[in-house]
Structure formats: structure tokens, C-alpha cells
Amino acid sequence: MTLSFWTIQALNALSFGTLLFLVAAGLSLIFGLMRIVNLAHGSFYMLGAYGALQVLTIVKNQLLATAIAVAFTAVLGAAIQRWLIERVSGNAMQQMLVTFGCLLVIGDLSLIAWHGTPAILPVPDFLNGTAILPGGIHFPVLRLAIIALGVALVIALDQAQSRTSVGAMVRAGADDLEMLSCLGVNVRTLFVCVFAFGAGLAGLGGALGGIFLGVAPGIDLELGLYAFIVVIVGGLGSIRGTFVASLLVAFIDNFSKALFPAVSMFAIFLLLVVVIAIRPTGLFGRRALS
Amino acid sequence: MSAFLPGSINRRTCISAIGGGLLLLNAPGRLAAQEQTIKIGALYPLSGPSAAIGNENMRGFQYVMDLAGNRVAGKKIETLFVDDQNSPTVALNEARRLVETEKVVALTGNLNSPIALAISAYALRMKIPYVAGPIATDLTGSKRNAFTFRASNAANQLEGPYALLLKRRGFKRGILMGSDYVAGHEVVDGIADALKSSGGTVVKEVFPRLGESDYAPYFADLASQKADFVFGFFFGGDTLRFVRQYRAAGLTFPLTMTAAALSEGGVAQQLGQDVEGLYSQETWVNVLTDPISKAFVDGFQAKFHDMPGPLAVLGYHEATIILESLRALKGNVPDGVALAKAIQNVHFKSPGGQDFRFEPNHNPLFSAWLVQWHWKDGKATPTVLDTIRNIKQPDTP
Chain H
1 MTLSFWTIQA LNALSFGTLL FLVAAGLSLI FGLMRIVNLA HGSFYMLGAY GALQVLTIVK
61 NQLLATAIAV AFTAVLGAAI QRWLIERVSG NAMQQMLVTF GCLLVIGDLS LIAWHGTPAI
121 LPVPDFLNGT AILPGGIHFP VLRLAIIALG VALVIALDQA QSRTSVGAMV RAGADDLEML
181 SCLGVNVRTL FVCVFAFGAG LAGLGGALGG IFLGVAPGID LELGLYAFIV VIVGGLGSIR
241 GTFVASLLVA FIDNFSKALF PAVSMFAIFL LLVVVIAIRP TGLFGRRALS
Chain A
291 MSAFLPGSIN RRTCISAIGG GLLLLNAPGR LAAQEQTIKI GALYPLSGPS AAIGNENMRG
351 FQYVMDLAGN RVAGKKIETL FVDDQNSPTV ALNEARRLVE TEKVVALTGN LNSPIALAIS
411 AYALRMKIPY VAGPIATDLT GSKRNAFTFR ASNAANQLEG PYALLLKRRG FKRGILMGSD
471 YVAGHEVVDG IADALKSSGG TVVKEVFPRL GESDYAPYFA DLASQKADFV FGFFFGGDTL
531 RFVRQYRAAG LTFPLTMTAA ALSEGGVAQQ LGQDVEGLYS QETWVNVLTD PISKAFVDGF
591 QAKFHDMPGP LAVLGYHEAT IILESLRALK GNVPDGVALA KAIQNVHFKS PGGQDFRFEP
651 NHNPLFSAWL VQWHWKDGKA TPTVLDTIRN IKQPDTP
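Protein chains in written order, with this note's numbering: chain H, 1 to 290; chain A, 291 to 687.
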């Protein structure tokens, strides 16, 4: 167990953590503002990956393919919020069931469209290869890039939430929706936008994660589950909380695999149980998932 | 409650009487039809995540039957293809329907070990031969029976030869990795035993969970190990992630993958340039040059506009076993016992040039090839390095 072992493991955890953050941030925002438990959130991750893969067969530019896939998931998210979830607004149980239905429908349609064979996105040329870090540590460039992107996004989102007027609306909406709409804010449009943004982030997660995690039926449930754990641990609606929880989950997952593989399967669930028992609102949350 | 009312009983009696009458009316026609047509029940996963591999398997079967004109010894063969949904419950229900309602003379197919064990027990009870696809060791080991035959290799059949093939390339010190479930442990243990008994060394064994998303944590301390090769038992999406992340981690040990991990379901092609230099053991690859493989590849491509993989060859085995046993009986199947006996004696050359015949435990002899993969002009292409023939399933308790 040398220094390089710990450094590589820490960087691994960081890269997985930032990927988790991309998926969980949208889930957290959507719940924080609209109180919607979006069970279909993992579907956007899957569609981001499949979408990028599909676009890549037509255009050869992976950046462009990623952008199109993100736009697609965002538009789909907006459509689901506007035409499905809005119909049952105010009824949390029905909303949850609608999103559960979306999860199943998207899962089956994806199976028809892309079959059950597992796929993996190619590594874009400019991110291919291994970087040599100080101390002679070899680490994939792709993962470094994901860490950088994730950190940049956390800072941007956190600033946007606390400094911009849209961010203020989102925060205000999370506290008191009625008051916000009384102030003349078009809550309906705000909801659609936030849902689209969250779905787009998950889609971006899919288009990037698909490069090293691949995509196959069931990944929607798997990543969705991770995202829910992150959101519950971090607290609903808090960007900072989501980021800290993403890292916490990723570090525990990573180091339990590296040091005690046998317990890695339930290590993060143990974290979940402990957090719920000690702080039901999550580490940074103000309201419990009820 | 209403079922106990007299009126309701009358109605039921009435309906069953009519039903019985219809059956009687129909009976002579059915008997006549059965004399002409031999029915076979073929169960494959045709929906859900396994649909792609199920389809490939089914196409191999179809190819052989269609080539024979769906006839043997002047009799017509009708194959009833059924979706087993890769679920033991569904498969068993469908098997019952096929045997008891459709009166098939034999069952074949499936790609899932629990299904095979369930149907095998049912086949024994009904005395109907079952030509199975899955690799579960027990099927021709501790749970073998007189009516179950295996058209694929057994899970524990190929490790010894693989270790030998690797040793011939000078690979003696291995880091063995496998998905953490029964088959993963069985195969890794098998390789480890064979490696040790031939003078090799197991440097380390690692078992990431099945469906692991991030293998990188397991790779971090491998670079400092003294090893000749890394062996990986992973399938499907796990293989894609494992190989991609192995490459990204900058590890340089030759990577040897378990049988069929790269050739099944187009995994090698998906890997792109990461496939370059990988080794794997295969029971068949479509670049083999023996005449049967060549004819099969050409015919399959002409028929389905697709390259056959090892699962298509499995379908080829299943169909040929049934076809040849029916031919031996001259198209007359008096009962399941006679058909099982004919199946036991089936003998043909399979794609790859292996003499296909069953051992007394109903498991066939197999050939194994060591191949190395290359990325040429946008295509994953295997190169054959070495072969071992007539491999038996080791004795199991």
C-alpha cells in the first residue's frame, strides 16, 4: 500500500464521484423544487449514453454527439414534465407512479431500439491515453477530464444557485411555492426548465460515463439507485450536499472495493442507514423525504 | 360460491361435454397428422436483454433444419420456437405445453443454467429427450439423467486446456480475476488448479462483484505484481468495462479472457482498438478454415446477412443432434427412450472439425482454440494460435 496506490484510489473515487454528481444533481434539484420523486432519472442517464452512441454512427464528432444527446434528454425531460407529470401535479404518489411508468416504458423502448447487447462508447482521441502525474503515477486522461468537468460544474451550479435570479427562484420555490407564484414567477415554466436541466445533466453523465462504464439494459436502475442514495445522504435540493454525498459514496464504494472487496456490496447501504438514523434530512438537507 | 350452485355445475358439465365431443371429432385427423410430422420444441430467450444471443442461437438451429428441408427419412419436421424469456418459470410452463399439448418428441435450447436444470428434471419425469444449451456443470455431473444431453461445453470442461494453452505461450504466473458468482469462482478455481498442477503460480485472485461498474479500484496495486498474464472471467457489459478500464489503467500484462467472452454478442467489435492484443479461448471462431466452418459461415451469411458466432454453432449442434438421431430411427420415434438412445449414439463432424460425440455422461467432446485479437480496418479479427482437441468434461462427484 504505497502512496501511489492511495493517490490512484483517491483519483478513481473522485472521478466516479463527479460522475455520480452529474446524475444526482438533477434528481436533487427536481425534488427540492417540485417534490417529485423522479424514479425515471436513471433513464435519462441511459438515454444520454445510447443517444450519443446513436448520433456517433451519423456524425463522427464525439463532442457534437454528446451535445446532441444532452439536448435530446433535456427536451425529453421537459416533455415528460410538461405533458405527463404536470397532469397529476399536487399528487406525490401519482407523480411517482408516472415516473415509474416512464422508467419502464423508456427501458423497454431502449431494448427494442438498441437490443440487449451491451455497448460502450469509444474514447475520444483527445482524451485517450494515460497521463503521468507527479510521483510517476499513471492515470487515465479521460478520468482526469471528468474530474475537472465535474468540479467546474459544481462551482458553476453552486454560484448560479446562490447568485443568479433563476437560482433565487429555485431556492425560493423549494421553500414556498405559493409565495413564489404570488410574486409573479411563472412556476410552470420554471418547473419545465429545471426538469429539463436535471434530465440534461443526467444525459451528460450517460454520454461521459458510457465511455468507461458502458451501457446496457438495467444501467438505468443501477445508476438511478446510486443517485437516490447520494440524494438521500446529501439532503434534498442542496447542490453542495449532493456533491459532498457523491464524493462520500464514491470514496466508500471505491475504498471498500480496494481494501475489503467482500463488504463492498453493502458498504454504501451501510452509509445510507447510518445517515438516515442520525440525520434523517441528509447531511445538508433541511427537509426529510416524506 | 357460484361454482357450487347447481346451474353452474350444469353449465360446466355441458361445456366439458361439448369440448370432449370436439376432441373426439378431431382425434383421427390429429393422429394422421402426427404420423406425418415430427414436432420438436425449441426454447430460446427471444425477448428481453438476452434476445440477441437467443436469436443467434435460434438462427443456427434454423439454418441446419432449413438446409435439410425440414425433413428427415421422408418425414416432415416441425420445430416450434418458443420464447422462454430467460425465466425458469416461463420456460418450464412452455416446456409442459410443448410436451403435453403439442406432443413434441424432444425439447432443446435455453441459455440459462437454472432453466436447464428445471427442464432436465421435467424431461426425466416425462421421458422426453432434452438437448440443452447451458453450461451448468451439474447438468452432466451430479444431476445428470438418462434424457438430458448437452450440446455446449460444460462450465468445468475448458479450464485445464486453457491453462495448458497459456503455458505453451510461456504464461505461467497469473493474476486471476472473475465476477463474484458461482461460475466465476468455478472457472477461476479451475484455471488456478490447472495452473498450479502444471508448475505455474497464482499470483493473486480477485473477485469483483457481478455487474461491477468500476474495476479501477482493483487494478491500482496490480502494476507492482510480478506476473506473466492477467486472466479475466467476465461476460457482456462486464467484459466491455473490464477491458476498457484495464487499458485505461495502463497495465501491460497480456490480458487473457475466458471462453466466448469476446466472441459472443459482438463484444470484441464493441471494444474497438482496445481489443488489440487480447487473448481468449474459444470453442469456435468464424475465421476457422475447415470445410464445415467455411460452408456454415457462407451459408449463414447468405441466409441471415450476419456473421455467425459461437452461439449459432450451438444451434447448429442442437439441430444436428436431433436431425441425426431421427435419421438413425428412420423417422420413427416409438418413445422417448428410443430417441434418447439414438441421441447418445449421434456422431458427426461439427464446425471447427471436431468429431462431435457424447461421453457416457451425455456431455460432448470439444475443441478449444487459443486466439489473439487484432483491430484491422475497423474490425475485430481473431488469429488462431493453438488448438487442443477431444476435450472431455473432468469427472465430477
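Just so you know, even glycine gets a beta-carbon here, dropped at the ideal spot from N, CA and C.
Check, Outcome
"Using the C-alpha atoms, what's the distance from Phe509(A) back to Leu382(A)?", "42 Å"
"DSSP beta-bridge partners for Met467(A)?", "Val496(A), Gly522(A)"
"Are the C-beta of Met46(H) and some C-beta of chain A separated by less than 8 Å?", "no"
"Measure the C-alpha to C-alpha separation of Leu466(A) and Phe284(H) and round it to an integer number of angstroms.", "42 Å"
"Is there a Cβ of chain A sitting closer than 8 Å to that of His41(H), yes or no?", "no"
"Closest Cβ-Cβ distance between Gln9(H) and chain A: below 8 Å?", "yes"
"Per DSSP, what kind of secondary structure is Pro318(A) in: helix, strand or coil?", "Only weak support is given to the placement of Pro318(A): the predicted model assigns it a pLDDT of 45, under 50, and the question is left unresolved by the model."
"Flag Pro124(H) as yes if its beta-carbon sits less than 8 Å from any beta-carbon of chain A, otherwise no.", "no"
"With 8 Å as the threshold, decide whether the Cβ of Leu321(A) is near any Cβ in chain H.", "Here the model assigns Leu321(A) a pLDDT of 47, short of 50, so the residue's position is not dependable, and the following value carries that caveat. Judged by the 8 Å Cβ criterion, Leu321(A) is not in contact with chain H."
"In the DSSP assignment, the beta strand (DSSP E) including Lys365(A) goes from what residue to what residue?", "365-373"
"Since Gly450(A) and Pro684(A) are thought to touch, with beta carbons under 8 Å apart, how far apart are those beta carbons, to the nearest angstrom?", "7 Å"
"DSSP state of Asp158(H), grouped into three classes?", "helix"
"Could you give the distance in angstroms between the alpha-carbon of Gln535(A) and the alpha-carbon of Lys366(A)?", "52 Å"
"Would you mind stating whether Phe298(H) and Gly77(H) have Cβ atoms separated by less than 8 Å?", "Residue 298(H) lies beyond the stretch modelled for chain H, which goes from 1 to 290, so this question has no answer here."
"Would you report the Cα separation of Asp645(A) and Asp374(A), rounded to the nearest angstrom?", "30 Å"
"At which residues does the beta strand (DSSP E) containing Pro140(H) begin and terminate?", "137-140"
"Can you name the residues of chain H whose CB is closer than 9 Å to the CB of Ala375(A)?", "Note that residue 375(A) is Gln in the sequence shown, not Ala. Within chain H, no residue comes near Gln375(A); the closest Cβ sits about 12 Å away, beyond 9 Å."
"Is it buried or exposed, Phe139(H), if we count other Cβ atoms within 10 angstroms and call 16 or more buried?", "buried"
"Taking all protein chains shown into account, do 16 or more other C-beta atoms lie within 10 angstroms of the C-beta of Val496(A), making it buried, or fewer, making it exposed?", "buried"
"Going along chain H, which residues have a C-beta under 9 Å from Asp588(A)?", "Neighbours of Asp588(A) on chain H: none; closest Cβ ~24 Å, over 9 Å."
"Looking only at C-alpha atoms, which of Gly431(A), Phe439(A), Ile343(A), Gly338(A) sits nearest to Arg647(A)?", "Phe439(A)"
"Would you mind telling me which residues of chain A sit closer than 9 Å to Glu222(H), beta carbon to beta carbon, in chain order?", "Gly501, Ser503"
"Specify the secondary structure class of Ser488(A) as computed by DSSP and reduced to three states.", "coil"
"Assuming Trp663(A) and Val565(A) are in contact, meaning their beta carbons sit under 8 Å apart, how far apart are those beta carbons, in whole angstroms?", "5 Å"
"So for Met597(A), helix, strand or coil by DSSP?", "coil"
"Using 8 Å as the limit for Cβ to Cβ distance, is Ala341(A) near chain H?", "yes"
"Against Asp511(A), what residues of chain H qualify as contacts under a CB-to-CB distance less than 7 Å, listed in chain order?", "Phe5"
"Is Ala52(H) helix, strand or coil when you go by DSSP?", "helix"
"Taking CB distances under 8 Å as the criterion, tell me whether Phe497(A) reaches chain H.", "yes"
"Please list, in chain order, all residues of the same chain as Thr18(H) whose beta carbon is under 6 Å from its beta carbon, the five residues on each side excluded.", "Ile146, Ile147, Gly150"
"Taking all protein chains shown into account, do 16 or more other C-beta atoms lie within 10 angstroms of the C-beta of Glu608(A), making it buried, or fewer, making it exposed?", "buried"
"Determine the closest residue to Met93(H) out of Gly205(H), Ile36(H), Thr242(H), with distance taken between C-alpha atoms.", "Ile36(H)"
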